[in-house]
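The structure appears below as structure tokens.
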Amino acid sequence: MKITVFGTGYVGLVQGAVLADAGHQVVCVDIDEIKLARLRLGILPIYEPGLEPIVRETVADGRLSFTSNPAEAVEHGTVIFIAVGTPPNEDGSADLQHVLAVAQTIAKHMQGYKVIVDKSTVPVGTADRVAEMVTLTLQQRSQAIEFDVVSNPEFLKEGAAVADCQRPDRIIIGTASKRAEALLRELYETFNRNHDRVMVMDVRSAELTKYAANCMLATKISFMNEIANIAERVGADIEAVRLGIGSDPRIGYHFIYPGAGYGGSCFPKDVSALIHISEELGFNPLILSAVDARNQAQKDVLFTKLYKHFAGQIKGKTIALWGLSFKPNTDDMRDAPSRVLMESLWAAGARVQAYDPVAMDETQRIYGQSPNLALVGTKEAALQDADVLVIVTEWRTFKTPDFEQIKKSLKEPVIFDGRNLFDPKAMREKGFTYYAIGRGDV
Ligand SMILES: NC(=O)c1ccc[n+]([C@@H]2O[C@H](COP(=O)([O-])OP(=O)(O)OC[C@H]3O[C@@H](n4cnc5c(N)ncnc54)[C@H](O)[C@@H]3O)[C@@H](O)[C@H]2O)c1
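When we follow my numbering, the leftmost residue of the sequence shown carries the number 1, and every step to the right adds one.
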């Protein structure tokens with residue numbers, strides 16, 4: 001099938017490449033010319049495991065191409081995905097300007113029937129707004145061309161996005177149009193062989209499903225962070241509690257890890273957006289507000305522990321920091337807990353010596369001008385002459401370090417572990433002062 005994808009970010013690029021890999025003819029559109037020029041050379045704008053070879057092969061085979069020409073792009077696809085960003089506004093609501101701009105672009109150039117697919121995460125009612133924009137623009141052109149707007153939210157996880165798109169656990173199609181449904185079923189046929197993953201529902205339910213999914217996951221994390229804070233104060237070990245509750249199949253082991261707070265481009269903004277949607281309708285979303293508040297507070301937990309350890313004397317200290325991206329296997333720094341920590345440390349007069357396996361360029365782009373940041377090439381180099389070590393992201397390479405070397409390199413044998421990678425007792429036996437999350441120390 002002929003597919004057009006607007007937006008070549010984490011969602012659009014991965015989905016476009018995976019659809020091309022499955023045999024479709026895909027044109028990806030973006031307004032960022034530099035990104036497109038680099039993509040044509042096979043240079044990816046993001047780090048995503050397994051993506052580069054698929055992009056390279058599908059481009060070489062002529063199944064995937066990149067353009068900034070909207071007329072050409074709209075002409076190409078019968079199915080047109082909108083996968084542009086929906087960042088938060090100041091008030092927490094989702095900024096729909098890019099989605100609506102794409103809707104207008106499609107309507108300006110379409111000559112025949114199109115299925116316009118909202119893949120971006122958008123507030124309930126956005127499909128109606130996209131349809132209104134298309135209708136209005138077609139009227140301005142004095143054209144009456146048929147189209148459908150479908151909600152088809154994306155559930156991929158950064159760091160495993162290719163696998164998630166190739167083997168989706170659900171394909172939600174929000175539409176009342178049989179014609180659009182049939183086209184999307186055909187599009188996703190290759191991904192739906194093992195068992196039927198397609199769930200067809202009304203468009204508003206599809207839109208809400210995406211927010212509900214992310215808010216549920218964020219709730220699990222904030223809940224565990226809350227219990228971890230209680231565990232510290234009552235002298236319990238959150239790791240034992242985690243195993244104890246995870247064994248109940250109604251709770252399960254997934255997503256109940258305490259830590260330094262959730263980040264990334266989805267959970268924080270989607271929780272805020274659903275809070276905003278609810279409040280606009282006169283409903284007070286008590287749970288969502290608490291999930292958000294716990295997360296904001298959780299991002300300060302590591303700094304608070306450092307502050308206490310140094311009895312407030314952080315000025316002039318050098319902090320080794322392992323892990324910058326908001327989670328492993330991605331270079332995404334949006335809303336990453338490391339940012340809150342680094343900014344607090346700088347405000348308190350500390351220097352940060354940081355290493356991340358893939359997020360160094362992105363950190364350089366954001367904080368390159370910060371005088372108190374040194375980005376170094378290895379995890380060992382981050383330790384050199386640092387006072388203490390803080391682990392913020394649970395990259396695999398940080399899970400089995402050379403503890404003797406850490407002790408030799410640091411001025412004090414102190415580790416602040418924001419991801420509970422090690423056993424506190426074993427760490428004490430190795431001679432470390434070890435601060436974790438919810439494991440005894442407040
Ligand atoms: N990142 C994720 O893990 C993830 C997962 C599921 C859903 N989503 C949702 O998908 C959407 C996209 O997220 P993302 O992380 O891929 O965003 P992103 O910021 O990585 O990419 C968005 C791209 O859209 C481009 N763009 C903006 N306006 C455009 C226009 N008018 N025409 C063409 N291109 C345009 C930008 O230049 C950018 O390359 C968001 O709504 C997000 O919430 C993201």
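Ideal Cβ positions, reconstructed from N, Cα and C, are used throughout, including at glycine.
Just to confirm, are Pro-153 and Glu-207 a CB contact at a threshold of 9 Å?
Counting from 1 along the sequence shown, the entry for residue 153 is found at position 153. Counting from 1 along the sequence shown, the entry for residue 207 is found at position 207. Closer than 9 Å, so yes.
Restricting to Cα atoms, I'd like to know which of Val-79, Gln-140, Val-124, Leu-96 is closest to Tyr-113.
Sequence index remark: in the sequence shown, residue 113 carries index 113 (1-based). Looking at the Cα atoms, Val-79 is the closest of the given residues.
Whole angstroms are fine: how far does the CA of Met-133 sit from the CA of Thr-397?
Here residue 397 is taken as the residue at index 397 of the sequence shown, counted from 1. Here residue 133 is taken as the residue at index 133 of the sequence shown, counted from 1. A direct Cα-Cα distance of roughly 49 Å separates Thr-397 from Met-133.
Pick from Gly-349, Asp-30, Gly-23: whose alpha carbon is nearest that of Gly-12?
Here residue 12 corresponds to residue number 12 of the sequence shown, with the count starting at 1. Answer by Cα proximity: Asp-30.
Specify whether the segment 360-380 and the segment 423-437 touch according to this definition: at least 3 beta carbon pairs, one from each stretch, less than 8 Å apart.
no
Among residues of its own chain, excluding the 5 on either side of Lys-327, which ones have a beta-carbon nearer than 8 Å to its beta-carbon?
Here residue 327 is taken as the residue at index 327 of the sequence shown, counted from 1. Answer for Lys-327: Glu-158, Gly-159, Gly-263, Gly-264, Thr-393, Glu-394, listed in chain order.
With a Cβ-Cβ cutoff of 9 Å, do Phe-81 and Met-110 count as a contact?
Numbered from 1 along the sequence shown, position 81 holds the residue referred to as residue 81. Numbered from 1 along the sequence shown, position 110 holds the residue referred to as residue 110. No; because the gap between Cβ atoms is not below 9 Å, this pair is not in contact.
Can you name the start and end residues of the alpha helix (DSSP H) that Ala-348 belongs to?
Numbered from its first residue, the sequence shown carries residue 348 at position 348. Ala-348 -> no alpha helix (DSSP H), and no H or E assigned at all.
State buried or exposed for Tyr-253, treating a residue as buried only when at least 16 other CB atoms are found within 10 Å of its CB.
On the sequence shown, residue 253 is found 253 positions in, with the first residue counted as 1. It counts as exposed.
Under the rule that 16 or more other beta-carbon atoms within 10 Å means buried, what is Gln-353, buried or exposed?
Here the question's residue 353 lines up with position 353 in the sequence shown. Its Cβ being crowded by 16 or more others within 10 Å, Gln-353 is buried.
Quick one: complete beta strand (DSSP E) runs, 3+ long, within the segment 262-286?
Those beta strand (DSSP E) runs which fall completely within the segment 262-286 and span 3+ residues do not exist here.
Rounding to the nearest angstrom, what Cα-Cα distance links Phe-191 and Ala-240 in this structure?
Counting from 1 along the sequence shown, the entry for residue 191 is found at position 191. Counting from 1 along the sequence shown, the entry for residue 240 is found at position 240. Taking the straight line from one Cα to the other gives about 39 Å.
According to DSSP, which residues form a beta bridge with Leu-373?
Here residue 373 refers to the residue found at position 373 when the sequence shown is read from its first residue. BP columns for Leu-373 point to Val-352.
Can you tell which of Tyr-211, Ile-251, Arg-167 has the C-alpha that lies nearest to the C-alpha of Arg-193?
Looking up residue 193 in the sequence shown gives position 193. Considering only alpha carbons, the answer is Arg-167.
Entirely within the segment 92-138 and at least 3 residues each: give me those beta strand (DSSP E) ranges in chain order.
114-118
Considering only the beta carbon of each residue, do Arg-56 and Gly-77 sit closer than 9 Å?
As a first step, residue 56 must be located in the sequence shown, where it is residue number 56. As a first step, residue 77 must be located in the sequence shown, where it is residue number 77. No, the pair does not count as a contact, with Cβ atoms beyond the cut-off.
Check whether the Cβ atoms of Cys-214 and Cys-266 sit closer than 9 Å, and answer yes or no.
The residue labelled residue 214 in the question sits at position 214 within the sequence shown. The residue labelled residue 266 in the question sits at position 266 within the sequence shown. One point to set straight first is that residue 214 is Asn, not Cys, in the sequence displayed. The answer is yes: Cβ separation under 9 Å.
Please state whether DSSP places Ala-290 in a helix, a strand or coil.
Numbered from 1 along the sequence shown, position 290 holds the residue referred to as residue 290. Here Ala-290 sits in helix by DSSP.
Using three-state DSSP, classify Val-150 as helix, strand or coil.
Looking up residue 150 in the sequence shown gives position 150. DSSP places Val-150 in strand when its eight states are reduced to three.
Ligand 1 and His-76: does the residue's C-beta get closer than 8 Å to at least one heavy atom of that ligand?
Here residue 76 is taken as the residue at index 76 of the sequence shown, counted from 1. For ligand 1, not one heavy atom lies less than 8 Å from the Cβ of His-76.
Can you find the residues in the same chain that come closer than 7 Å, C-beta to C-beta, to Glu-181, ignoring five residues on each side of it along the sequence?
Taking the first residue of the sequence shown as position 1, residue 181 is located at position 181. Here the set comprises Ile-173, Thr-175, Val-200.
For Tyr-10, verify whether its CB is less than 8 Å away from any heavy atom of ligand 1.
Residue 10 sits at position 10 when you count from the first residue of the sequence shown. Yes, since a heavy atom of ligand 1 falls inside the 8 Å radius drawn around the Cβ of Tyr-10.
Given this structure, state the Cα-to-Cα distance separating Thr-400 from Leu-36, to the nearest angstrom.
One-based indexing of the sequence shown puts residue 400 at position 400. One-based indexing of the sequence shown puts residue 36 at position 36. Going from the Cα of Thr-400 to the Cα of Leu-36 covers about 39 Å.
Roughly how many whole angstroms lie between the Cα atoms of Glu-61 and Glu-380?
For the purposes of this step, residue 61 is taken as the residue at position 61 of the sequence shown. For the purposes of this step, residue 380 is taken as the residue at position 380 of the sequence shown. In the sequence under discussion, the amino acid at residue 61 is Asp, which differs from the Glu named in the question. Going by the C-alpha atoms only, they are around 42 Å apart.
Hey, which unbroken runs of the alpha helix (DSSP H) at 4 residues or more fall wholly within the segment 380-429?
With a minimum length of 4 residues, the continuous alpha helix (DSSP H) runs that stay inside the segment 380-429 are 403-409, 424-429.
Quick one: grab the DSSP three-state call for Leu-13.
For the purposes of this step, residue 13 is identified with residue 13 of the sequence shown, where counting begins at 1. Three-state DSSP puts Leu-13 in a helix.
On the three-state DSSP scale, how would you describe Gly-174?
To locate residue 174, count along the sequence shown from 1; it is residue 174. Correct three-state label for Gly-174: strand.
Among all the DSSP beta bridges, which residues are the ones paired with Gln-25?
The sequence position of residue 25 within the sequence shown is 25, counting from 1. In DSSP, Gln-25 forms a bridge with Lys-2.
Going along the chain, which residues of its own chain have a beta-carbon closer than 6 Å to the beta-carbon of Val-74, five neighbours each way excluded?
As a working note, residue 74 is residue 74 in the sequence shown. Excluding positions up to five away in sequence, the list reads Ile-106, His-109, Met-110.
For His-309 versus Phe-416, is the C-beta distance shorter than 9 Å?
Within the sequence shown, numbered from 1, the residue matching residue 309 stands at position 309. Within the sequence shown, numbered from 1, the residue matching residue 416 stands at position 416. Taking 9 Å as the Cβ cut-off, His-309 and Phe-416 qualify as a contacting pair.
Helix, strand or coil for Met-201? Go by DSSP, reduced to three states.
Residue mapping note: residue 201 aligns to position 201 of the sequence shown, counting from 1. In this structure, Met-201 counts as strand in the three-state DSSP scheme.
Using C-beta distances below 6 Å, list every residue in its chain close to Lys-411, excluding the 5 sequence neighbours before and after it, in chain order.
Taking the sequence shown and counting its residues from 1, the one referred to as residue 411 is at position 411. Result list for Lys-411: Asp-387, in chain order.
Quick one: what's got a C-beta closer than 6 Å to Leu-156's C-beta in the same chain, skipping five residues either side?
The residue given as residue 156 occupies position 156 in the sequence shown. Here the set comprises Asp-164, Cys-165.
Let me make sure I understand the geometry here. Which of Leu-281, Ile-238, Asp-248, Leu-383 has the alpha-carbon closest to that of Asp-423?
Residue numbering aside, residue 423 sits at position 423 when the sequence shown is read from its first letter. Considering only alpha carbons, the answer is Ile-238.
Thinking just about the alpha-carbon of each residue, which of Leu-383, Ser-177, Gln-140, Pro-285 is nearest to the one in Val-414?
Residue numbering aside, residue 414 sits at position 414 when the sequence shown is read from its first letter. Nearest C-alpha to Val-414: Leu-383.
Between the C-alpha atoms of Ala-161 and Glu-48, what's the straight-line distance to the nearest angstrom?
Looking up residue 161 in the sequence shown gives position 161. Looking up residue 48 in the sequence shown gives position 48. Their backbone Cα atoms lie some 7 Å apart in a straight line.
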